[in-house]
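Working notes for the structure below.
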Amino acid sequence: RIASTPQYQNMTIRNWRTTTRLLSLLDERSTAPGA
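For the numbering used here, count along the sequence shown from 1 and bump the result up by 301.
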């Protein structure tokens, strides 16, 4: 089972954090005054 290996979990968590970071950045841009 690939999904249970520590390497896979670490990779998934890092990708998720990157995704949420990008989403928050886009959110800030779209709600910024004068955007």
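Just so it is clear, CB atoms sit at the ideal spot from N, CA and C, and this is done for glycine as well.
What is the rounded straight-line gap between the Cα of residue i and the Cα of residue j?
i, j, result
"Thr330", "Arg322", "It is worth fixing the name first, because residue 330 is Arg in this sequence and not Thr. Roughly 13 Å between the two C-alpha positions."
"Ala304", "Gln310", "7 Å"
Helix, strand or coil: which one does DSSP assign to residue i?
i, result
"Pro307", "helix"
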